[in-house]
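Take a look at the structure set out below.
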Amino acid sequence: MALLVVGCSPQPTTGGTSPATAESRTSAFNATDTAWILLMIPMAERARQLTDLAPSRSADPAVTTLAAKTGSTLRTDLRRLRAALKLSGVPDTRPHEGHNMPGMVSLDTLDKAAATKGRPFDRILTDALRAHFTQSRTLCVGEQNQGRADEAKGLATAIAKSTSQQMADLDELRAARPTTH
C-alpha cells in the first residue's frame with residue numbers, strides 16, 4: 001500500500017462546515033483512505049469508458065453482456081467512491097489525471113479499442129478488464145489492511161467482493177471462448 005500513498009497527501013478541507021464538524025467528519029479518514037479513493041475513481045472511470053464501447057464494437061453478445069454488467073457495477077462504484085470522497089472532506093484534485101498505472105485502462109488502450117471492432121476489440125476489452133479487476137482487488141486489500149475510515153474500508157470490501165465475482169464471470173467467458181484471449 002505504500003506505493004498508493006506516495007505522492008498522495010491530500011488535506012481535508014472544511015467545505016463550508018464548522019471546523020469542529022469538519023474535524024469530526026474527516027478525522028476518521030487517513031491518507032491511505034483518501035489516496036485509495038482518489039486512485040479508484042479514475043481507474044473505475046477509465047474501465048467504464050472501455051465497457052461503454054462494447055455495444056458498438058464487440059463481435060460477441062456474451063462480451064457485450066459482460067461489459068454492460070461491469071459498466072453498471074462501475075457506475076455504482078463511482079457514485080459510492082465520490083460519496084466517500086465527499087464525506088472525507090478532501091477535494092477531488094484529480095491527482096492521477098492522465099496517469100497510466102498498473103490495472104488502469106490506459107488512454108492508448110481506449111484509443112485502440114475505439115478504433116477496433118470484432119474479436120480484436122473483445123480481446124482488448126477482456127485483457128484490460130482482467131488487469132483492472134486484478135489491480136482493483138490488490139488496492140482494496142491494501143485499503144482494508146491500512147485504511148482507517150469505516151466507510152472507505154467497507155466500500156473496499158464491497159468492491160473487492162464484486163470484483164472477485166466479475167473476475168470469475170470473465171474467466172468463465174474466456175474459458176468458453178478461447179479466441180477472445
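FYI, the numbering for the sequence shown is 1 to 181, going by the UniProt record's numbering.
Virtual Cβ for every residue (Gly too), placed ideally from N, Cα, C.
Between which residues of its own chain and residue i is the CB-CB distance below 7 Å, once the five residues before and five after are set aside?
i	result
Asp77	Ala44, Ile159
Ile124	Thr109, Lys112, Ala113, Thr116
Ser24	Any reading at Ser24 must be qualified, since the residue scores a pLDDT of 46, below 50, and its modelled position is unreliable; no value is offered.
Asp169	Leu66
Met167	Phe133
Gly71	Arg48, Thr51, Asp52
Ser162	Thr73
Arg137	Ala160, Thr163, Ser164
Glu151	Ala84, Leu87
On the CB-based measure, 16 or more other CB atoms within 10 Å of its CB, does residue i come out buried or exposed?
i	result
Gln165	exposed
Leu107	exposed
Ser58	buried
Arg46	buried
Arg94	exposed
Ala175	exposed
Starting from residue i and walking both ways along the alpha helix (DSSP H), at which residues does that stretch end?
i	result
Thr65	61-88
Thr34	31-57
His132	119-146
Thr116	Run containing Thr116: none; DSSP gives neither H nor E here.
Ser164	150-176
Enumerate in chain order the residues of its own chain whose CB-to-CB distance from residue i is below 8 Å, with the five nearest sequence positions on each side excluded.
i	result
Asp60	Arg119, Asp122, Arg177, Thr180
Pro102	Ala131, Gln135
Gln144	Lys153, Ala156, Thr157, Ala160
Tell me, to the nearest whole angstrom, how far the beta carbon of residue i is from that of residue j; I am working on the premise that it is less than 8 Å.
i	j	result
Ala128	Val105	5 Å
Arg148	Ala28	6 Å
Leu173	Ala54	Contact doesn't hold; Cβ gap of about 12 Å is too wide.
Short of 6 Å in beta carbon distance, which residues of its chain neighbour residue i, apart from the five on each side in sequence? Order them along the chain.
i	result
Ile41	Leu81
Leu155	Arg80, Ala84
Thr17	For Thr17, the pLDDT reaches just 43, beneath the cut-off of 50, and the residue's location in the model is therefore unreliable, leaving the point undetermined.
Answer yes or no: does any C-beta atom of chain B fall closer than 8 Å to that of residue i?
i	result
Arg137	Of the chains in the structure shown, none is chain B; there is only one protein chain.
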